[in-house]
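Okay, so here's the structure we're looking at.
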Amino acid sequence: MESVPVEQLISDLENSFRPLMEKNNLDDIGIFEEEGQGDYYHLGYTVKKNERVYMVHLPFIKSEDGHLTLDKQEWIVETDDPNAVDLKGFDKIDDVFQSLFR
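The sequence shown begins at 106 in our numbering and counts up one residue at a time.
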């Protein structure tokens, strides 16, 4: 797996904002990033639709130089509901949005 600077990944995500918003009729979209346990780092999107907020992200391993390597090609969905169970197992971002909004 390729190790990539965080800034490059964020730029790639930002470049996909408009197409994702238009295709999925989102109210808002932004960057989601969170330090996980140990070397884990989660990076993806925070999206809002129909007054619900979703954090949609991939798991990465962060190196000492701040580069990220994808741990697993599996999109994870968290919601703003603290009692909700995370949704996992999505190979593609389009699969996430299809599951959530269609």
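Where is the CB? At the ideal position from N, CA and C, for every residue including glycine.
In the DSSP annotation of this structure, the continuous segment of the beta strand (DSSP E) that includes Arg157 starts and ends at Arg157 to Lys167.
Counting C-beta pairs closer than 8 Å gives three or more between the stretch 174-182 and the stretch 146-164, which meets the contact rule.
Of the other Cβ atoms in all chains shown, 16 or more fall within 10 Å of the Cβ of Gly149; this residue is therefore buried. In this structure, Thr151 is the residue among Tyr146, Thr151, Asn130 and Phe195 with its C-alpha nearest to the C-alpha of Phe137. Your pair Leu205 and Tyr159 checks out as a contact, with CB atoms roughly 6 Å apart and the cut at 8 Å. Glu179 sits away from Lys167, with the two beta carbons spaced by 9 Å or more. Around the beta-carbon of Ile115, fewer than 16 other beta-carbon atoms lie within 10 Å, marking it exposed. The C-alpha of Asn129 is placed about 11 Å away from the C-alpha of Ile198. Taken through DSSP and simplified to helix, strand or coil, Leu192 comes out as strand.
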